[in-house]
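Data block below; observations after.
Residue numbers (this note's numbering): 1 to 832.
Here's what the structure looks like:
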């Protein structure tokens, strides 16, 4: 027996369509597998980047701190710096030294000042007057406390260096280079006891700092020791930096306090990778099975088209195993090329579907190995299907189709429905568990996240079963008064198997896209809303009562976008004092109607589940309002809201804030220009940790990508079904047109046939996605204690886009079918 292997790869060229479909099927299958590996790794890197953006750059490398409450003796400063420099092994070391705020003079009346030195500090200050680097640099705020202040003055009887520059005070929000020194470089400008606060007077060198008079440095100094480094891009890099930095601190620490923030960053990044991987694994496996089913379909078509040649080879002694090998040799190279292309496409499209382009070490080889396994599985399926089909065709008894009927009769939708019910119970019970550790991630239950996808899968199986039954009964339908519809129904009934397959994949595709994009969008909106309600506005700063009493005027640039809000708290009870006229200008309102809210703010309000009894809070009249709202910015679902005209003395209210719809930078710039003191700048974007929301969002972004792949599979399957029955359609179409059917009616019949199929997939898939997410979205709340809860976003743009895309595919497929009929030579087709 001669096994027919030599000419097999070249023989594959006789069917370009089969080669193309094999390549595309393998490409999509490999893309899903590789993208799952790359995406889970990229999510960890995105978690590192997100957390690093919320931290000071110079805190990423473990550092050392010693504040002025537990100072370092002045004579030990050089020793601490030398040991830290030696421990760093030649890497950059950035140290800062600061005195306590001391009473001193600069050649005139005494004032309060803090002296300091930090390597490179003078390069990062805005000089307002002077600029020579051989003397003291004094903040503008300090010069205003000294009458007749002039450059060149030497304070403390000439024991201080001369003043050679005046610089602009540092204010929040700070540049990254300064943010680790915030406790030293920014005073409290709204503290009523302003005599004990001061910005830093910078010395020109460390030696000049050490030579300061003993009365200034008595009792020791505060120190910071930083080891600037590049921001880690991956969890592995963060782990390596943590280990390296910890080793440096072990060698450099001389009694200073360790400042290490990376452990939580690394832990959260690792947890994110695990959460995303476990959540996308089931969908990846389902997509893998669908891809292998596609490979099996391609192989079955190969066996059917090559039936004559395969029978001849069987008659010459080739058994089913050898003929299966023939299929592997013909289709193996396209499958291998498709797998390689899928890996390349997954890597190239990483910026499109993944939250980061930085990957953990070894991720690409792991993805390549996963693709290799998928390709080997495809080759195994190819061999098995070809061997089985040839065995059944040439050696087995005629098939009664009993096994197929039994398989089709099994109620798979009941099994997936039961799984969906179990997933719903998990979602209700422990889908998202609140972390016990501050800053940790909630535990994400992959089974709970699978609920909306299981709803889509169950609906797809049910739709396929119902459509098969309806097509079986369609012979009773008489629509000859609508010939295009009647012909379309008969064509669908004649190919019930492929039709239900396309419908199944189409519903899965549309439903998966709906689930992925809806949940991801809901998580983004929920994070924005919760952050806005938590801070109260896009940006917030604490101010003194001057802007409230009218002693100072609000800068013109902030009018119309800013409001003044007071906070009075006592015994875990909180009330907001608001200005009804301007509150809606600056507060974050979410979906609340501004006009309706403005009308409600004219009287005191009880918010949420606040106890129904009278309370007394500092600076406020007795509160026991009858009217109320379910939630309110800043205080959430418990507290009180009081109009400012009900407050007798604004000075007695605990604290006052400016809430603004502008960014923090745009809010503080006019305040700085007007020399209005402020502190405690807070931004909505950094108010709460968004990593739990982002983890779920990244997971369902990948779900959306998988849905896109399934949509491509469905479109290819539809076009392939048209191409496979090209001869049949051509004969039927040509005969119909010669019997008087107009081309418009023929085109209409194809449009009705394909439009009904895709339209059903869009409607059923969209409805399944909407129902699944409608139940799941309110439960997928990583921060349930913060109001408001997640809500379902507007689905119309998604469905409109899906409908337009489906319509384009239908038109293209109908045009292909019509073109084949009009170009057909009926005599040659009948003879063939």
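We treat Cβ as the ideally placed atom computed from N, Cα and C, and that holds for glycine.
Can you tell me which of the three DSSP states residue i falls into?
i	result
residue 835	A query on residue 835 cannot be resolved here, the shown segment of the chain reaching from 1 to 832 and no further.
residue 276	helix
residue 3	Here residue 3 scores only 48 on pLDDT, less than 50, and its place in the model should not be relied on; the value that follows carries that caveat. If DSSP states are grouped into helix, strand and coil, residue 3 belongs with coil.
residue 570	strand
residue 438	Below a pLDDT of 50, predicted positions are generally treated as unreliable, and residue 438, at 49, falls in that range; the measurement from the model is reported next regardless. Residue 438: coil per DSSP, three-state reduction.
residue 588	coil
residue 63	strand
residue 816	helix
residue 782	coil
residue 169	coil
residue 115	strand
residue 258	strand
residue 410	coil
residue 483	helix
residue 682	strand
residue 468	helix
residue 103	strand
residue 128	strand
residue 450	coil
residue 16	helix
residue 688	coil
residue 88	helix
residue 174	coil
residue 246	helix
residue 581	coil
residue 234	coil
Shortest alpha-carbon distance to residue i belongs to which of the options?
i	options	result
residue 789	768, 658, 630, 714	630
residue 240	361, 744, 549, 515	361
residue 55	174, 297, 546, 128	174
residue 305	374, 637, 502, 16	16
residue 253	85, 803, 813, 578	85
residue 475	490, 468, 302	490
residue 466	450, 496, 445	496
residue 429	417, 773, 447	447
residue 715	677, 695, 366, 754	754
residue 418	118, 153, 450, 101	450
residue 660	671, 445, 199	671
residue 865	683, 386, 348	Here the chain has residues from 1 to 832 only, and residue 865 is not among them.
residue 410	462, 292, 260	462
residue 872	36, 170, 227, 358	It is not possible to answer for residue 872, since the shown part of the chain is limited to 1 through 832.
residue 351	42, 610, 172, 536	42
Please check the pair residue i and residue j, which I expect to be a contact at CB under 8 Å, by giving their CB distance rounded to whole angstroms.
i	j	result
residue 585	residue 563	5 Å
residue 313	residue 323	6 Å
residue 97	residue 116	6 Å
residue 202	residue 137	4 Å
residue 99	residue 114	6 Å
residue 296	residue 381	5 Å
residue 45	residue 278	So it is not a contact: roughly 18 Å between Cβ atoms.
If we count the other Cβ atoms within 10 Å of its Cβ and call it buried at 16 or more, is residue i buried or exposed?
i	result
residue 794	exposed
residue 354	buried
residue 61	buried
residue 640	buried
residue 207	exposed
residue 559	exposed
residue 69	exposed
residue 769	buried
residue 157	exposed
residue 526	buried
residue 689	buried
residue 612	exposed
residue 217	buried
residue 717	buried
residue 126	exposed
residue 633	buried
residue 747	buried
residue 171	buried
Does any CB atom of chain C fall closer than 8 Å to the CB of residue i?
i	result
residue 158	The structure shown contains no chain C, having only a single protein chain.
task = Enumerate, from N- to C-terminal direction, the unbroken alpha helix (DSSP H) stretches of 4 or more residues contained entirely within the region 600 to 679.
result = Runs of alpha helix (DSSP H) with 4 or more residues, each lying fully within the region 600 to 679, are found at 664 to 673, listed in chain order.
key: Every unbroken beta strand (DSSP E) inside the region 185 to 230 [3 residues or more]   = 200 to 202, 222 to 226, all fully within the region 185 to 230.
In chain order, each alpha helix (DSSP H) run of at least 4 residues that lies wholly inside the region 522 to 564 = If we require 4 residues or more, the alpha helix (DSSP H) runs fully inside the region 522 to 564 come out as 546 to 549.
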